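Chains as they are written, first to last, in the numbering used here: chain A, 26 to 914; chain B, 58 to 170.
Set out below in structure tokens:
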């Protein structure tokens, strides 16, 4: 087979060589022949004539030679294609069903594949992107899985100190108010270290990158523009270098412009600033103060492995910590700096879900193929005689196989084209479900790779579909001619194959249904979780206090006090507060606290606590429940006594048998002077912090805003009315206080919680959609096979009824057949469901791998749809008129 | 010259394989060799020789290479491949079985029935 393909390939690729060689070879033959004739005494003229005559018609020989090489295939294919097109045109209902099935199944697969490809498979847009890694600190035993990197980490590792890296740099995401007052807008920005663009391998296409001198606050007034910002605000002016733009009330000089192809992970940053710091921030005591703000990227030297880099980092950490007073504490927290591939790390959270969806949609594709195979088998039965006649008249097996292949591939290719269009629509649907907010989601598109996948998929489907049809024809060719009527042409085996297909279809659809049911139940359970506070009627927003008006925390405090007061005065505003972070915001904001008088038992790791700085009436606005003591108020930021509120998880851990009120704690992981200690004045119920499906709670501490000040604050307001109706009010209040500020990311707390479930909701919704298609296909499949069985046995039914069988008996006979298929399918499917449950267990929330409720619901749905599909054909069987059948024959 | 017999279908391939198995030959050489080893008892239609050669080459049973003929002309030489050798063995055995069976059948005398 391989040799033939190679021979055909050679002949096709060097067609002219082939032709020339053939001509030369034949001419050589005739010449030799003629010479031999001359040698035996024939006159040369006559010899040449006879040689040509005996050889025969050269052109006919050549044509036969071409045929022997398979070179006639294109012409033959064309004939087959025209024949197939004619056949398909004659049966529009079949053609439409087949095309729709392929388009739907392939389209769904291509849609998910487009997402999978752009997120998981396609490399990051940097040269040798596989060399890029990220390094982050982790303290798993303290409940802090990920804490970014710290400035000391960077200064200790850079400059070739880790030999496996050719370059190492840090960056931090952020936002800034950019532009002149009046036309200022809040833009995403990134702060990056000088070698950032060198590490990535793509630097400014205009101007230069940042220098070492630009990493202090006195010298960092420079900016690199993204291509988009440059085009939009400078109209692509090549003289932009040296011009200034206003950022957060300061002026920065443009030193570079990035090329359009520069996209760092999922960042939409418009501007890049140097990541500045003070020398005193770079010292070892801040080594563990990453706070997940600063992130590290590095490029492995060619040939260096991840393991080498990891062991070098481990070695350096061990060496550095020899004289670090915090070392022991950090070791008990399980501290390590992990080196992981940048791309894989960025998409790690979404990877299992995407693979799961792709697997689910592949099952759908199999169901579609099986369905189509069944339809084609029925059609093949109808054409069995025609094909048998053609074979008897000399059509070769190759001819027959070729014909069937052309037919199936024409259907799948046309369907695949429609599927590609469906995928383009599907991607838009996914965007509505939040796919573009996924990591790297912005680059999801139907591109050449997806088109190639469509082509490969369609051809593979065409071949898969051809197999049972070819089997059927080759097997039945002997008997088809002998039998008199169509009904006798299909053997028992073909019938069994069709029924097997239906069983397989029911089983697969059942598995899919069960999987979707588990995801749905898991979503329902997650949604039913009480977050620990009352998120209804709460509107939230983010404000970034930047510029000269906010030089210190006190200015921020003053702004927040005015803001809270104004909001509470608005009609409908019940209570308002501010916080440096919100639950469900996506920022972890964990840090340590030290309880006075509590001796850490040996081996117990320090705890990473959610630490908030809150102002105004934050607790009442959020709907917290007070367990003991009092809430924090605005005044707590102004009073000399330091107070704090802890949550019940925290209280239970440190004071399991007594009241925490009156006890003292310190921020950070070390004890300090008494005057810096906070007295616990209240205990609130613990709440879900990162998401509704949080399991392990480490506790939370709430400090007055002034002790955890941040320029970026969240504002919350509890409304007597619908929270959305306060949206304009919130914006107006902020603008009235400071026209230079704006609120963004305004959402109700309910919406924030709902959005946090996106990673569960969207897959469940998609799985539901796949199920609906699968059920439809299975219904069609079952109906088709039963209908055919009835049509085939029309004469038998008629005879039996003429002999006295009751319509009821006939009907129940076919229903019993349907029931047998359904039961076999469900039995097979429950085994599959059990396996699938095991596989997806990891993404389920409070749902067992095989839930009897889900299984029985899925089984009931499956059974009723399949049996409903049997009812019509069975009823038709009961209506067979004996007279008509008997006179027909 | 004696009487010539018509070629049975399928036997040309077998004869070509045999001819080529003796030594590499060009197309015309194959024709001469077959005539020689059949002692001119079979009539080989020249026009069907080349399609058969091309088909066998396409099936990987023989391989072709350009070389120099005895009188220094460029000619395409065919050699038997490993697959061709196996096929020749198989077909020879099959042919011998068939031939002896037919011969035995045709030699049956009335008293043996």
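Cβ coordinates follow ideal geometry from the N, Cα and C atoms, glycine included.
Remember, predicted model here, so these are calculated numbers, not experimental data.
Contact list for residue 57(A) against chain D, beta-carbon separation under 7 Å: The question asks about chain D, but that chain is absent: this structure's protein chains are A and B.
Give me the DSSP bridge partner(s) of residue 21(A). Residue 21(A) lies beyond the stretch modelled for chain A, which goes from 26 to 914, so this question has no answer here.
Which residue comes first and which comes last in the beta strand (DSSP E) that contains residue 600(A)? Start at 1 with the first residue of the first chain, and residue 600(A) comes out as number 575. Where residue 600(A) is concerned, the enclosing beta strand (DSSP E) stretches over 598-604.
Which listed residue (694(A), 637(A), 855(A)) has its alpha carbon closest to that of residue 672(A): Your numbering for residue 672(A) matches position 647 in the first chain. Residue 672(A) has its Cα closest to that of 637(A), out of 694(A), 637(A), 855(A).
Would a check of beta-carbon distances place residue 54(A) closer than 8 Å to chain B? The sequence position of residue 54(A) within the first chain is 29, counting from 1. Closer than 8 Å to some Cβ of chain B, the Cβ of residue 54(A) qualifies, so yes.
Kindly indicate if chain A contains any beta-carbon less than 8 Å away from that of residue 104(B). Numbered from its first residue, the second chain carries residue 104(B) at position 47. Cβ-Cβ to chain A under 8 Å: yes for residue 104(B).
Just to confirm my understanding: we take residue 428(A), look at its own chain, exclude 5 residues before and 5 after, and list those with CB closer than 6 Å. What are they? Reading the first chain from its first residue, position 403 is the one you call residue 428(A). Only 105 meet the Cβ criterion.
Hey, does residue 133(B) have any beta-carbon neighbour from chain A nearer than 8 Å? Residue numbering aside, residue 133(B) sits at position 76 when the second chain is read from its first letter. Closer than 8 Å: yes.
On the criterion of 16 or more Cβ atoms from any shown chain inside 10 Å, does residue 753(A) qualify as buried, or is it exposed? On the first chain, residue 753(A) is found 728 positions in, with the first residue counted as 1. Flag for residue 753(A) reads exposed.
Any beta-carbon of chain B closer than 8 Å to the one on residue 50(A)? Your numbering for residue 50(A) matches position 25 in the first chain. It does: the Cβ of residue 50(A) has a partner Cβ on chain B nearer than 8 Å.
By the criterion of Cβ-Cβ separation under 9 Å, what are the contact partners of residue 94(A) in chain B? Here residue 94(A) corresponds to residue number 69 of the first chain, with the count starting at 1. Those are 111, 112, 114, 115, listed as they occur along chain B.
In whole angstroms, what separates the C-alpha of residue 880(A) from that of residue 865(A)? Locating residue 880(A) in the first chain gives position 855, counting from the first residue. Locating residue 865(A) in the first chain gives position 840, counting from the first residue. Using only the alpha carbons, I get a separation of about 15 Å.
Can you tell me which of the three DSSP states residue 650(A) falls into? Numbered from 1 along the first chain, position 625 holds the residue referred to as residue 650(A). Residue state, collapsed to three classes: coil.
With distance defined between alpha-carbon atoms, name the residue in 83(A), 62(A), 778(A), 248(A) nearest to residue 51(A). By one-based count along the first chain, residue 51(A) stands at place 26. Here the closest residue by C-alpha is 83(A).
Going by beta carbon distance, what residues of the same chain come within less than 7 Å of residue 86(B), once the five residues before and after it are set aside? Working through the second chain from its first residue, we reach residue 86(B) at position 29. Nothing meets the Cβ criterion.
Check whether the Cβ atoms of residue 201(A) and residue 293(A) sit closer than 8 Å, and answer yes or no. For the purposes of this step, residue 201(A) is identified with residue 176 of the first chain, where counting begins at 1. For the purposes of this step, residue 293(A) is identified with residue 268 of the first chain, where counting begins at 1. No.
Residue 526(A) and residue 712(A) closer than 8 Å at C-beta: For this step, residue 526(A) is matched to residue 501 along the first chain. For this step, residue 712(A) is matched to residue 687 along the first chain. Not closer than 8 Å, so no.
Which parts of the region 239-269 of chain A are runs of the alpha helix (DSSP H), unbroken and 4 residues or longer, counting only runs that do not cross its ends? 252-259
If we require 4 or more residues per run, which alpha helix (DSSP H) segments fall completely within the region 280-350 of chain A? 331-345
Hey, which unbroken runs of the alpha helix (DSSP H) at 4 residues or more fall wholly within the region 774-825 of chain A? 774-781, 783-817
Pairwise C-alpha distance: residue 296(A) and residue 159(A): As a first step, residue 159(A) must be located in the first chain, where it is residue number 134. As a first step, residue 296(A) must be located in the first chain, where it is residue number 271. The straight-line gap from Cα to Cα measures roughly 22 Å.
Please state whether DSSP places residue 95(B) in a helix, a strand or coil. Taking the second chain and counting its residues from 1, one reaches residue 95(B) at position 38. Looking at residue 95(B) - three-state DSSP - the assignment turns out to be coil, as it is neither helix nor strand.
Runs of alpha helix (DSSP H) lying entirely within the region 421-504 of chain A, each at least 4 residues, in chain order: 422-457
Cβ pair residue 401(A), residue 490(A) closer than 8 Å: The count along the first chain starts at 1 and reaches residue 401(A) at position 376. The count along the first chain starts at 1 and reaches residue 490(A) at position 465. Yes, they are a contact pair.
With distances taken from CA atoms, which of 832(A), 220(A), 209(A) is nearest residue 270(A)? Reading the first chain from its first residue, position 245 is the one you call residue 270(A). Checking every option, the nearest Cα to that of residue 270(A) belongs to 209(A).
Could you run through the region 488-500 of chain A and flag, in chain order, every residue whose CB is less than 7 Å away from some CB of chain B? none
Alpha-carbon to alpha-carbon, residue 456(A) and residue 130(A): Along the first chain, one-based indexing puts residue 130(A) at 105. Along the first chain, one-based indexing puts residue 456(A) at 431. So the alpha carbons of these two residues sit roughly 19 Å apart.
Report buried or exposed for residue 764(A), applying the criterion of at least 16 other Cβ atoms within 10 angstroms of its Cβ. The count along the first chain starts at 1 and reaches residue 764(A) at position 739. Exposed, because fewer than 16 other Cβ atoms sit within 10 Å of the Cβ of residue 764(A).
Can you tell me which of 168(A), 101(A), 55(A), 174(A) puts its alpha carbon nearest to the alpha carbon of residue 631(A)? Locating residue 631(A) in the first chain gives position 606, where the first residue counts as 1. Of 168(A), 101(A), 55(A), 174(A), the residue nearest in Cα terms is 168(A).
Starting from residue 361(A), trace the beta strand (DSSP E) both ways and give me its first and last residue. Start at 1 with the first residue of the first chain, and residue 361(A) comes out as number 336. Its beta strand (DSSP E) spans residues 361-366.
Which residues DSSP lists as bridging residue 744(A), in chain order: As a position in the first chain, residue 744(A) is number 719, starting the count at 1. Per DSSP, 598(A).
Taking all protein chains shown into account, do 16 or more other C-beta atoms lie within 10 angstroms of the C-beta of residue 146(A), making it buried, or fewer, making it exposed? Residue numbering aside, residue 146(A) sits at position 121 when the first chain is read from its first letter. Classification of residue 146(A): exposed, given that the 10 Å Cβ count is below 16.
Determine the DSSP secondary structure at residue 581(A), reduced to helix, strand or coil. For the purposes of this step, residue 581(A) is identified with residue 556 of the first chain, where counting begins at 1. Looking at residue 581(A) - three-state DSSP - the assignment turns out to be helix.
Of the residues 843(A), 872(A), 859(A), 803(A), which one's Cα is nearest the Cα of residue 392(A)? For the purposes of this step, residue 392(A) is taken as residue 367 along the first chain, with counting starting at 1. When each option's Cα is compared against that of residue 392(A), the closest is 803(A).
Going by other Cβ atoms of all chains shown within 10 Å of its Cβ, with 16 needed for buried, is residue 912(A) buried or exposed? In the first chain, residue 912(A) corresponds to position 887, counting from 1. Exposed, by the Cβ-count rule.
Is residue 90(A) close to chain B? Criterion is C-beta to C-beta, closer than 8 Å. Counting from 1 along the first chain, the entry for residue 90(A) is found at position 65. Closer than 8 Å to some Cβ of chain B, the Cβ of residue 90(A) qualifies, so yes.
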